[in-house]
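Remarks on the structure that follows.
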Amino acid sequence: MATKKAPSKRTTRRNTKSSTQSNETSGTNSAVEKSALTSKKKGSLKQTSIFILSGVTAVILLALFSYHPADPGLFVHDSNAVIQNKAGSFGAYLADVLFGFFGYLSYLVPIAFLVSAFLLFRSSKERNNGINLGISVFGVFLALIAGCGLAILLWPSSNLAYGAGGLLGQGIARIFMKTLGDIGATMILFSGFIAGVTLFADIQWLKLIDKIGDTILSTIELFTSSSPNKESYETGTIPMSFEANLEPQKQATNNGESASIAGAIGAGLSGLFLWKKSSTDNESGVGFNHPRFDPLDDMTTNADVEAEKPKKAKKKLLEKALGKGRKQRQEPVLGVPDYMTNEDDYHEQDVPVAGLDDVITAKKVSPTSKKVLKQEADSYQAPVQNNRQEKAAAPRVSPSISLDKAITLPPISLLNPPPQGQGHFSKEQIETHARNIVETLEHFGVRGVQIDSYYPGPIITRFELLLPPGTKVSKISGLAQDMARSMCVSSIRIVEVIKGKTTIGLEVPNDTRDLVAISEILDSNLFKEAKSPLTMVLGKTIAGKPAIADLARMPHLLIAGTTGSGKSVGVNAMLMSLLYKSTPDEVKLIMIDPKMLELSIYEGIPHLLTPVVTDMKDAANSLRWAVGEMERRYALMSHLKVRNVAGYNGKIKEAMDKGEPLTDPTFDPTMHVDVRPSVLEPLPSIVIVIDEFADMMMVVGKKVEELIARLAQKARAAGIHLILATQRPSVDVITGLIKANIPTRIAFQVSTRIDSRTILDQGGAESLLGHGDMLYLPPGTGLPQRVHGAFVDDSEVEDVVAYWKLQGEPQYLEDVIQETGSPDAIPGLEPLAESETDALYDQAVAIVTESRRASISYVQRRLKVGYNRAASMIEDMEAAGVVSAVQSNGTREVLAPEPPKD
Ligand SMILES: Nc1ncnc2c1ncn2[C@@H]1O[C@H](COP(=O)(O)OP(=O)(O)OP(=O)(O)O)[C@@H](O)[C@H]1O
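Written as C-alpha cells, this is what we have:
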C-alpha cells in the first residue's frame with residue numbers, strides 16, 4: 001500500500017534528540033539544578049535587597065532630618081565649614097541636592113525606598129504588571145512636579161534656600177503663574193497633584209469616600225450594638241462596611257479597587273524602581289495592558305539555537321496571527337462516489353480566512369482586544385533594540401501580570417491549513433476490496449456474506465457486512481489477518497458490534513491516507529460551538545467528521561500506545577485545543593514530562609501553574625499538591641453548599657456582581673492574628689498532564705499510583721482532571737486501581753492483543769495503523785470509537801506557545817512542587833486501606849464487574865480467600881465507587897461497567 005509521506009519533521013527532531021539524549025539529559029539535569037539554585041539565590045537576593053534598601057532609607061532619612069543649611073553641598077561651597085549633618089559629608093551633599101531641587105517633597109525619596117523594601121516582603125503575585133508600573137511612574141512624576149510647584153505657591157516663605165518646592169517648584173510655579181495667574185496656577189497644580197496621586201495610587205475617590213462613610217457608620221454601629229458581626233465570618237458573606245477594613249494591599253490586588261494612600265504610594269513608587277530595572281527591555285515603549293514581551297527573546301534564555309532565530313521569524317508569526325500571506329483555503333475535494341448517499345454531510349464547511357477579524361475565535365474577542373492584538377503586532381514589526389544579555393539575566397518568571405481583560409485566543413491562521421487535494425477515493429479500489437472480502441471469506445468457508453454498505457473515510461474504508469444466519473462473528477474475527485494478507489493491506493480491524501445495526505464492520509486501510517490537520521478541526525463549527533473550556537480535539541471519525549471530546553465529562557483520560565504510535569502528537573493536539581479554547585483564568589495546567597522531551601515546548605505559557613516538571617520528586621509533590629487543592633476545593637464547596645466547581649463559580653460571581661464578595665469560609669480567625677480572611681475568587685479547572693507515567697511510577701514508586709487513584713476518585717467535582725499517557729501498556733503500569741478510576745481511555749497502536757486488552761479491556765488496538773490512528777473509549781460505554789488523530793507540527797505548537805507568551809506571563813505557584821512534610825503524606829487523607837494494595841484486589845474488581853455480583857462470599861469462593869479479606873476488598877470497592885453501599889435488601893449494586901468481552 002502506498003501511503004503519503006508522513007510528516008517527518010517531528011521524527012527527525014526526535015531522532016536527533018534521542019541520539020544526543022544522554023547529553024541532553026545531563027544538560028537538562030543541570031538546568032534543573034540551575035533553576036533550584038536560582039530559586040534559592042532569589043530568596044537570598046530578595047533578603048539582601050531588603051537590607052540594602054532599609055539601610056539606604058535610613059541614611060537618606062538621617063541626612064534629611066539632620067540637614068543643616070550651612071553644610072557644604074551642591075549649592076553651598078564652604079570648604080572650612082564643620083559638617084553638622086549626621087550622615088557626614090555625603091549626607092550633607094545629598095540633603096542639599098534633594099532640598100535644593102525638590103524642597104520638602106524630598107521626603108518622598110526615602111518613603112519610596114521604604115515602600116520598595118516593604119513590597120519585597122510581599123508575595124510576588126501582588127506586584128503590579130509593567131503597564132501599571134509605567135502609569136504609576138508617570139503618576140509619581142506628575143505628583144512630584146505639580147507638588148513642588150504647589151509647595152512654592154502655598155508656602156512662599158520657607159526656611160529652605162530654594163523654597164518649599166525647591167528649584168523644580170520655582171520653575172514650575174513661575175511658568176504657571178505667568179500664564180494662569182496665582183489662583184489659576186494653584187488650581188491647576190493642585191489638580192495635577194491630585195491627578196498624579198490618583199494615577200500612581202490607583203485611588204477611586206468616590207469609592208474611597210463611600211467606604212470611609214461606611215467605616216464610620218459601622219464603627220458607630222459597633223459601639224451602639226453589643227454583638228460583633230460574627231455572622232459574616234460564618235456565612236462567608238462580607239458586607240461592604242467590613243470590606244473597607246481589609247488590609248489595603250489585599251483590596252487593591254483582589255478587586256483593583258481603592259487602596260489606602262500609603263499602600264498605593266508604595267505600589268507607585270516601587271513601580272519606579274522595578275520599571276527602571278526593566279526599562280532597557282522595553283525601549284519601543286508601546287503601551288499595553290501587560291508588559292511588552294518578546295517571545296523570541298524569551299526563548300534566547302532557554303536555548304542558544306533559538307537565540308539565533310532571525311527577526312523575520314517574529315514577523316512571520318505576526319503575519320500568521322493577522323492572517324496575512326495565508327492562501328485562501330479551498331473546499332476539500334472529497335470525491336465521494338455517487339453511490340454514497342448516506343454520508344453526504346462528511347466534511348465541515350471551511351470558513352474562508354480573511355484576516356484577523358475573521359480568524360480570532362468569536363467567543364472572547366472584543367473590538368478592544370483586536371485593537372490590542374493589532375497594536376502589538378505593529379510594535380513587533382518595528383525594530384526593537386534589545387539588550388539580550390540584560391534579558392537573559394532578568395528573572396524568567398515574573399508573576400506580575402493580571403490576565404483578565406485583553407486576552408485573545410490564538411487565531412487559526414497560526415496553524416498550517418489542511419493539505420489540498422485530499423479525500424479522493426477510487427471507485428474501482430473500493431469495488432475491488434468489496435469483491436476481495438466476499439471471495440476471501442468464501443475461500444475460508446464463510447458463504448453467503450453480503451456487503452451491506454461501505455463508508456470511505458480519510459484513512460480507512462469501513463465495509464459493513466450482513467452475515468448469513470448462524471455465522472459466528474468470532475469466526476470472521478479470527479480471519480482478520482488472513483484477509484489482510486490476501487487483500488494486500490497492513491491490517492484489517494473487525495468491528496463485531498455496530499450499535500443499532502445487525503451488520504459487522506470491516507475496516508480496510510485506504511491506498512493513500514489523508515493527513516488530519518488540527519486547523520481543520522479547530523476551525524469546525526463543532527469545536528467552535530462547544531461550550532466547555534475543556535473541549536479537546538481528537539481528530540476525525542472514520543467518516544471524516546470532526547471528533548472532539550470534553551475532558552470535563554471524562555473526567556480523566558488514560559492514553560497508551562506503543563512508541564511512535566502518535567501519543568505525543570495526540571497529547572499535543574489536546575493541549576493545543578485547550579490553548580485555542582480557554583484563557584488562563586479558565587484552565588490551568590500542570591505538565592509532567594519525565595522524558596524531558598515533549599512538553600518542555602510549552603514552557604512559559606500563562607496557563608502553567610508551575611514550570612514544566614521534569615524532576616520526578618517534584619512531580620510527586622505536584623500530585624500531592626493537587627490532592628491538597630482538591631481537598632481545599634471540597635471544603636470550600638461544602639461550606640458554600642454547592643456540588644461542583646461550576647456551582648461554586650456561579651455563587652462567587654453572583655456575590656461579586658451584588659458587590660458582596662464572599663470571604664474564605666474555612667478561615668479560622670483564632671489561628672491568624674491580624675489577618676483577614678481572603679476574598680474568594682472563581683476557581684479555574686486544573687488539568688494535570690503526565691506524558692510518561694510509567695517512568696514516574698518507576699522512580700517514585702507505588703505512591704504515585706495511590707495519588708493518581710485518589711485524584712481520579714474525587715477530583716471530578718473539584719475541577720481537577722488528569723491526562724495520563726504511557727508507552728508501556730502493561731498491568732504493572734495500567735493497574736486495576738488506575739483502570740477502575742479512569743474509565744475514559746485512548747489506545748493508539750499496540751503490538752499485541754494483550755496490550756489492547758490491558759488498555760481497553762478488549763482487542764482492536766493491535767489492528768490500528770499507527771501515526772495517530774486510535775480507539776477512543778468514551779466514559780460509560782464499552783464500545784470504542786475509531787478516530788484518526790489530528791496532526792500537529794512542532795512549529796505550530798511553537799507559534800501558538802509564542803502567541804500565548806505574548807499575551808502574558810505565567811503566575812507560578814511555588815507551593816506546587818514544594819516538599820510538604822513527610823514525602824509519603826497525602827494531605828488530608830488516610831493512607832490507602834491495606835486490601836486496596838492487596839495483590840488480589842484487581843482480580844476481585846474484575847470478578848465483581850464481570851459477574852455483576854458484589855457478594856463477599858462469591859469473591860471469597862472465586863479467589864479462595866478468607867471472609868475478612870474478601871469483605872475488606874468489597875468495602876474498598878465501595879470506597880472506590882466500583883460497587884454501591886449495602887442497599888435496603890442487603891445487597892450491593894455493581895456500579896462500574898462490565899469489562900467488554902473479547
Ligand atoms: N495524527 C497524525 N497524523 C499523521 N502522522 C502522525 C500523527 N501522529 C503521529 N504521527 C507521526 O508519527 C510519528 C510518531 O508520533 P509520536 O511522536 O506522537 O509518537 P509517540 O507515540 O509519542 O512515540 P514515543 O512514545 O516514542 O514518544 C510522528 O513523528 C508523526 O510523523
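The sequence shown maps to residues 1 to 902 in the UniProt record's numbering. For every residue, glycine included, the Cβ atom is placed at its ideal position computed from N, Cα and C.
Query, Result
"Express the C-alpha separation of Gln-811 and Tyr-803 in angstroms, rounding to a whole number.", "17 Å"
"Please check the pair Thr-541 and Gln-785, which I expect to be a contact at CB under 8 Å, by giving their CB distance rounded to whole angstroms.", "7 Å"
"Would a C-beta distance cut-off of 9 Å place Tyr-841 and Ile-856 closer than the cut-off?", "no"
"Could you give the distance in angstroms between the alpha-carbon of Glu-655 and the alpha-carbon of Leu-515?", "The amino acid at residue 655 is misidentified as Glu; the sequence shows Ala. Approximately 49 Å, taken between the alpha carbons."
"Count the other CB atoms within 10 Å of the CB of Pro-584; is the residue buried (16 or more) or exposed (fewer)?", "buried"
"Taking the straight line between their C-alpha atoms, what separation do you get for Gly-266 and Gly-139?", "Per-residue confidence for Gly-266 stands at a pLDDT of 35, beneath the threshold of 50, marking its modelled position as unreliable; the derived number appears in the next sentence. Each residue's alpha carbon lies about 12 Å from the other."
"For Gln-84, collect the residues of the same chain with a Cβ closer than 8 Å to its Cβ; drop the 5 residues on either side in sequence, then sort them by chain order.", "Ser-66, His-68, Ala-70, Asp-71, Ala-92"
"With distance defined between alpha-carbon atoms, name the residue in Ala-854, Glu-798, Glu-598 nearest to Glu-893.", "Ala-854"
"Just how far apart, CA to CA, sit residue 908 and Thr-663?", "Any property of residue 908 remains undetermined from this structure, which presents the chain solely from 1 to 902."
"Closest to Gln-843 by CA distance: which of Val-731, Arg-753, Glu-629 is it?", "Val-731"
"Going by DSSP, what residue range makes up the alpha helix (DSSP H) through Tyr-858?", "856-863"
"Excluding five sequence neighbours on each side, which residues of the same chain lie with their C-beta closer than 6 Å to the C-beta of Val-571?", "Ala-725"
"Pull up the distance between the alpha-carbon of Pro-778 and that of Ser-577, whole angstroms please.", "18 Å"
"May I ask which residues mark the beginning and end of the alpha helix (DSSP H) holding Asp-755?", "753-760"
"Here's the rule I'm using: 16 or more other beta-carbon atoms within 10 Å means buried, otherwise exposed. How should Ala-885 be labelled?", "exposed"
"Please tell me whether Leu-534 and Val-587 are closer than 9 Å, where the distance is taken between their beta carbons.", "yes"
"Give me the Cα-Cα distance between His-771 and Ser-685, rounded to the nearest whole angstrom.", "30 Å"
"Should His-721 go down as buried or exposed, given a rule of 16 or more other Cβ atoms within 10 Å for buried?", "buried"
"Can you tell me where the beta strand (DSSP E) holding Thr-440 begins and where it ends?", "Premise fails: Thr-440 lies in the alpha helix (DSSP H), 427-443, not in any beta strand (DSSP E)."
"Return the chain-ordered ranges of every alpha helix (DSSP H) run that is complete within the region 136-160 and spans a minimum of 4 residues.", "none"
"Can you grab the Cα-Cα spacing for the pair Ile-601 / Asp-593, in whole Å?", "11 Å"
"Across which residues does DSSP place Arg-716 in a beta bridge pair?", "Paired residues: none, contrary to the question."
"Grab me the residues of Asn-649's own chain with a C-beta within less than 7 Å of its C-beta, minus the 5 sequence neighbours each way, in chain order.", "Pro-682, Leu-683"
"Tell me the DSSP secondary structure of Ala-825 in three-state form.", "The pLDDT assigned to Ala-825 is 46, lower than 50, so where the model puts this residue is not dependable; a value taken from the coordinates is nonetheless given after this. In this structure, Ala-825 counts as coil in the three-state DSSP scheme."
"Let me know the secondary structure DSSP gives Leu-94 once reduced to three states.", "helix"
"Below 6 Å CB to CB, which residues in the same chain sit around Ala-790 once its five sequence neighbours on both sides are set aside?", "Val-516, Ile-518, Ile-521, Val-537, Gly-539, Ala-573"
"Expressed to the nearest angstrom, what Euclidean distance is found between the alpha-carbon atoms of Asn-621 and Leu-707?", "10 Å"
"Going straight from the alpha carbon of Pro-110 to that of Leu-61, what length do you get?", "6 Å"
"In or out: Ala-839 buried (at least 16 other Cβ within 10 Å) or exposed?", "exposed"
"Is the region 438-454 touching the region 466-475 in the sense that three or more CB pairs, one from each, lie closer than 8 Å?", "yes"
"Who are Val-508's beta bridge partners in DSSP?", "Thr-461"
"Would you check if there are 3 or more beta carbon pairs closer than 8 Å linking the region 707-716 to the region 728-748?", "yes"
"Could you tell me whether the Cβ of Leu-724 comes closer than 9 Å to any Cβ of chain B?", "The structure shown contains no chain B; it is built from a single protein chain."
"Do you know offhand how far Asp-761's Cα is from Arg-435's?", "33 Å"
"Helix, strand or coil: which one does DSSP assign to Leu-895?", "coil"
"In the region 601-669, which residue ranges form an unbroken alpha helix (DSSP H) of at least 4 residues, counting only runs that do not cross its ends?", "616-639, 645-657"
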